[in-house]
Amino acid sequence: MPPHVHVHPDGTSLRDPSRLFYQSDSIRRLIIASYWLFIIAAIPLWWHITSIERLSLPTARVHAQAANHLRFPVQIQLENVQDSSISTSLQKLLDDRIHKSHGLDVQVRQQSDPTNPSDSYVIRAAEGVPSANERSLTYPVRPATLPNLADLLTLLLAPPIDAHRVAQYSPRYRLAFTLLNEDAAAGGAISGWDISGAISRHLSPILTALSVLHNFTIESQVQFHAPLAFSPTPIQDGSYGLTQEDLTVFVNSAEWSLSSSVSNDPVLHFIVFVPSASRRPLKILDSNGLPSTSNAFLLPQWGGMVIYNPPTQDTNSNTNANAPLPPSALHSLFSTFATQLLSLLGVPNLPGDLQTTTDALTGWQLDALLRRRTSENARGAYDTLQSIVKLVDQIENMPVGQDVRGDVLDSLSALEEMYTPSPSSPSSTPPSLTTTLHHSSTALTLASRAFFSPKMLALLYFPAEHKYAVYSPLFASATIPLAAAAIREVVAWRKGRREREGAGGGQ
Amino acid sequence: MRTLRFLWVLGLLPPCYCRYFSGETFSEELVIRPLPDGKVASRFEFTTLLHGATPRNPQNLSVEDHSQHYTLFPLALGQILREYAVTELHLTLNAGKWNYDRWGYPEESDVATGASLWAWMAEGSGSASAANARHRVDARWRDLRNALAGLFCASIASLDEQRTTSPGRAFTPVGALPAWPASVQHAFRHASLPSENVCTENLTPFLKLLPCKSLSGLAHLLNPHRLFDADWHGMGLHVSWRPNEGVQVRLTFQSVSDPLRAGGNSRDWSLRLLFDRVVDRACPVAASSRIIVTLPTKELYSVHPEPSSVVDGRGAFDLSDQSFPLDLRLRWAEPFQHATVPSAEAPLSVRRMLRGSAQDHGALAISITNPDSDPVSVVYLETLPWIVYLYLSTLELSVGGVRRPDLLQDISYIAPVPHGRAATLEAFLSLPARSTVTLHIGVGRSFLRYTEHPPDAQRGWDLPGAVVALLPAASGNQSSATDSTNKGAMQEMKKWNQPQRIYTPALLVDPATPDFSMPYNVIIFTCSLIAFIFGSVFNGLTRRFVVLKSPE
Chain V
1 MPPHVHVHPD GTSLRDPSRL FYQSDSIRRL IIASYWLFII AAIPLWWHIT SIERLSLPTA
61 RVHAQAANHL RFPVQIQLEN VQDSSISTSL QKLLDDRIHK SHGLDVQVRQ QSDPTNPSDS
121 YVIRAAEGVP SANERSLTYP VRPATLPNLA DLLTLLLAPP IDAHRVAQYS PRYRLAFTLL
181 NEDAAAGGAI SGWDISGAIS RHLSPILTAL SVLHNFTIES QVQFHAPLAF SPTPIQDGSY
241 GLTQEDLTVF VNSAEWSLSS SVSNDPVLHF IVFVPSASRR PLKILDSNGL PSTSNAFLLP
301 QWGGMVIYNP PTQDTNSNTN ANAPLPPSAL HSLFSTFATQ LLSLLGVPNL PGDLQTTTDA
361 LTGWQLDALL RRRTSENARG AYDTLQSIVK LVDQIENMPV GQDVRGDVLD SLSALEEMYT
421 PSPSSPSSTP PSLTTTLHHS STALTLASRA FFSPKMLALL YFPAEHKYAV YSPLFASATI
481 PLAAAAIREV VAWRKGRRER EGAGGGQ
Chain Z
1 MRTLRFLWVL GLLPPCYCRY FSGETFSEEL VIRPLPDGKV ASRFEFTTLL HGATPRNPQN
61 LSVEDHSQHY TLFPLALGQI LREYAVTELH LTLNAGKWNY DRWGYPEESD VATGASLWAW
121 MAEGSGSASA ANARHRVDAR WRDLRNALAG LFCASIASLD EQRTTSPGRA FTPVGALPAW
181 PASVQHAFRH ASLPSENVCT ENLTPFLKLL PCKSLSGLAH LLNPHRLFDA DWHGMGLHVS
241 WRPNEGVQVR LTFQSVSDPL RAGGNSRDWS LRLLFDRVVD RACPVAASSR IIVTLPTKEL
301 YSVHPEPSSV VDGRGAFDLS DQSFPLDLRL RWAEPFQHAT VPSAEAPLSV RRMLRGSAQD
361 HGALAISITN PDSDPVSVVY LETLPWIVYL YLSTLELSVG GVRRPDLLQD ISYIAPVPHG
421 RAATLEAFLS LPARSTVTLH IGVGRSFLRY TEHPPDAQRG WDLPGAVVAL LPAASGNQSS
481 ATDSTNKGAM QEMKKWNQPQ RIYTPALLVD PATPDFSMPY NVIIFTCSLI AFIFGSVFNG
541 LTRRFVVLKS PE
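Here it is as structure tokens:
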């Protein structure tokens, strides 16, 4: 009789549970194994759906950018100069003066050379007052004047710039012109202005010249109530004064609706402030408390302000009448605005004693600005890229998606394009300044877009601890019986094998 | 010499010539109307007309727009209109429930509770290209919501696709839609958010859109302390295009104040009583500035100062004739007697409620009373977020308990998409004379995802009010039924050929909400249960059964 067939005492045999099909060892082991198989097979899927997408960033390429430095070749031709020693001594003087950090490779040549690129600078030796034209300079070149000429060229090629004043580079600016009446209801207010005419007369030449750097959106509004947040101090002669401290809090952003809500382009504000009839004339006081001759001031990177005091009316005319801005006032206001705009955009001034024949900007100024903006952008793009790489390195939970990686790669290739022109372009001539600027601006825009990509914040606020807190109650309680069953089965299998071996050895 | 003479003529012109010179006109008007129940309705209207302007054609969105130079027109609004090429735009922010039965028909007809935004925009160019995806209507509608939310500090941005509908008949453009080439079709978008609270933070940007802000003219009366203390208040922004005039922007503020609350059983009012301010100077750039007061017809009264003109029982005060500071006062000879029966001035009376206490189903019941002696046709519009869906098969129309399926002339229903789109039901009903039609329809309530519940989920969801629009063809008979005090608003509606719209109050629906207070406990309990079931099954499958001999 097999040992495990049980016979009931009354003789009827019951079904032996171990002979049920699912009670056989192999089936049970199969069941346990299939559970484990399922878990092991599911791990890659679980890993895939819970892991954060972190594409690799080209770290080495970003760091390699540190070795790159922008070099701008500058060709200067001397015309009407017979003495060949002049060019070598001018070259030497310029090399001493122009600092390495400007990245200028100045080359002075004696005669006009047809192989020279068309954008080289020309110095014409002629007696008289020095004057600058498009890309040329007329100067009395003599061995004695050479140090002065070198100084002048240094100012023209690498002009000093007040970096705090200049607005940050953007491919597009919004120019917002606002005519603010402090209190039109008090009378004598300015009710309108011929803004389109003034812009086309005073600003259009500048904007056209600058169109290689920026696009502009122009808008204007008139406000009839623009209260100040403080009261100007009355001064002796019946006028009112703005102290230097007042100027810092002059813009009353809470009451003047200047902000724009439709675009992210940086805005440069140009404001004409017409004081209330009871506070005229309003003057700006200098640091000694004396009325200054100027009635305009500049807010760095923000815009320009002009205070306009309407002329006092004759007694016979209605003093309460509101009138549009007279053309003469418009002319002087917009000349001021044009100066302020140039200064905000970082256009260098021509050195004081230099005369110019053109109304618009000279090539000297524009090229200096282009060079400065290009190196600024290149530095900015490099810094941003490095910050991204560092940040992603530091925060392990930060996702890096395809778009961030794409932006970083595109920005990098724009940067590399800038330093080493692509083989498709004619290699003999270096790329033009505008192309280089375009590359640098693309690099900066893409790098900033990658840096501020909202997708990089996605999982930052769901730390791993939370995940475990949710998983452990479910998985711990499910895996413990699984593990226990598996261990028990392994032990039973080993025991059975040992017994079988022992039994076999016994025979 | 000629220029000199020209200048001299300019000098002789009244100081306001510049208003026409600049191609922009601004006018302001305040209408004050005593209501039958002793309250006072006031409506401010600030209209700026940009002469000769046309809406931007969205086909040209990729082309650089011309510079925007405005004198009176609000630049912040002009930027939004041009940037998103909006042809017509309406935004209302109202708080409270307009009581049609007691107050009659409002001067500004759009009194839906909370925020409502509707606009007509033409389809932009660029069918497939990704660069032009931002020019499509839906993308611009989204950007427009965001821009307006920023401008008005209101949560209009949350009027997302789940709340956007495009009903066909209840709303018609106030102005005209430009006849651009046939390929440029205008699309209509409407969204409402009944739970929006309207307060000072919305009024401040509203005032900044006015040329005189709140510092002179009628806008000086807009005192937030009083306005937001009123029984009902609401502001509106209406942009439309008039073909022969230009783009018109109307900013309105409407409120219902209660002079009786000030003490003394008197409904006498003055500007100081209503707004705690007086008009102390005129807005220097307003072409016209008027206060219009509806004068009592049956009782004795005194008004100070005297109106410049009285037409049709409405006294007009032109601010250019008045001396400042101006405080209007209206006094009645007799003390106020509370009317026992509210006088029905509105063309229809609409009631709407949600029945059923179950969490997954209920019923919507609407009763519309037509007090008129003529039958009228209306469009009944219901826009419901997807958390509530209608069982159209259960739609039942009855009059006095008798089923009348014949009253339903036409119906259009856009089913909701769960977690995606709102439902739109537009039913064309004809209401028999002097009867109450009851519409009954079964509703189901969806089950929301954990993250879809709003903050304070136990409070429930606000369902936007239904809109009952009287079709213009039938509204010709309406004026006979209405009181003369309300005639002005009615006539104005007819002048614009607008369907009169009646809004019902918002409803509160209470979907099944999980216990938000202890999410972690819920997770643990659920996990324990799953682990228990898993363990039982697993043990059952792998258990070894043995027969034990029981000891004898």
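The listed protein sequences derive, respectively, from chains V and Z.
The opening residue of the first sequence carries number 1 in full-length UniProt numbering; numbering runs sequentially from there.
The opening residue of the second sequence carries number 1 in full-length UniProt numbering; numbering runs sequentially from there.
Ideal Cβ positions, reconstructed from N, Cα and C, are used throughout, including at glycine.
Just so it is clear, the structure is predicted and the values come from calculations on it, not from any experiment.
DSSP places H439(V) inside the alpha helix (DSSP H), whose first and last residues are 433–451. Inclusion of P55(Z) and T25(Z) in the CB contact set at 8 Å is not warranted, their separation being larger than that value. S289(Z) is a Cβ neighbour of L218(Z), given a cutoff of 8 Å. Residue nearest to E245(Z) within the set W461(Z), S536(Z), G52(Z), H453(Z) is G52(Z) (criterion: CA-CA distance). Counting C-beta atoms within 10 angstroms of its own C-beta, T504(Z) has 16 or more neighbours from the protein chains shown and is therefore classed as buried.
In chain Z, no part has a C-beta under 8 Å from the C-beta of N252(V); the shortest such distance is about 12 Å. A distance below 6 Å between beta-carbons, with the five flanking residues on each side excluded, links F206(Z) to the following residues of its chain, in chain order: M235.
Annotation: the continuous beta strand (DSSP E) that includes H51(Z) extends over 40–51.
The Cβ atoms of F428(Z) and Q409(Z) lie closer than 8 Å to each other.
Neighbours of G535(Z) in chain V, taken as residues at a C-beta separation under 8 Å, are given in chain order as S477, A478, P481. Residues of chain Z with a Cβ closer than 9 Å to the Cβ of P205(V) do not exist, since the nearest Cβ in that chain sits about 16 Å away. Counting along the chain, no alpha helix (DSSP H) covers I235(V), and no H or E run does either. As the crow flies, the alpha-carbon of W461(Z) is around 22 Å from that of V468(Z). Taking 8 Å as the cut-off, the Cβ atoms of S155(Z) and A149(Z) count as close.
Three or more pairs of CB atoms, one per stretch, sit closer than 8 Å, so the stretch 337–350 of chain V contacts the stretch 281–300 of chain V. Taking C-beta atoms under 8 Å as the contact rule, F336(Z) and N265(Z) qualify, at a distance of about 6 Å. Using a Cβ-Cβ distance cut-off of 8 Å, the stretch 436–453 of chain V and the stretch 406–413 of chain V are in contact, since at least three pairs of beta carbons, one from each stretch, lie closer than that value. With respect to the C-alpha of S131(V), the residue from P147(V), T208(V), A185(V), L153(V) having the closest C-alpha is L153(V).
Taking a Cβ-Cβ threshold of 9 Å, the residues of chain V close to N539(Z) are P481, A485, in chain order. Taking every protein chain shown into account, the CB of R488(V) has fewer than 16 other CB atoms within 10 angstroms, so this residue is exposed. For R165(V) and S441(V), the gap between their C-alpha atoms comes out near 20 Å.
Taking C-alpha positions only, K39(Z) is separated from E107(Z) by approximately 15 Å. With 16 or more neighbouring CB atoms inside 10 Å of its own CB, F171(Z) falls in the buried class.
Within chain V, E219 have C-beta atoms less than 7 Å from the C-beta of Q68(Z), given in sequence order. The residue among A531(Z), E396(Z), R355(Z), D231(Z) with its C-alpha nearest the C-alpha of T479(V) is A531(Z). A straight line joining the alpha-carbon of P58(Z) with that of S263(V) spans about 17 Å.
Contact between the stretch 112–121 of chain Z and the stretch 90–103 of chain Z is present, with at least three C-beta pairs closer than 8 Å. Rounded to the nearest whole angstrom, the CA to CA distance from F216(V) to A226(V) is 26 Å. Its Cα nearest to that of H439(V), the residue T420(V) stands out among S453(V), T420(V), L457(V), M456(V).
Residues of chain Z whose Cβ lies closer than 9 Å to the Cβ of V274(V) do not exist, since the nearest Cβ in that chain is about 13 Å away. When secondary structure is reduced to three states using DSSP, N215(V) falls in the strand class.
Bridge partners of M353(Z) according to DSSP: A365(Z).
A Cβ-Cβ separation of about 6 Å places V388(Z) in contact with R445(Z) under the 8 Å criterion.
Sequence-distant Cβ neighbours of V392(V) in its own chain, meaning closer than 7 Å and more than five residues away, are L57, M398, V400.
Using a CB distance below 7 Å, the part of the stretch 76–87 of chain Z facing chain V consists of A76, Q79, I80, E83, ordered along the chain. By the criterion of a C-beta distance shorter than 6 Å, V443(Z) is surrounded in its chain by G362, L364, V388, L390, once the five residues flanking it on both sides are discounted.
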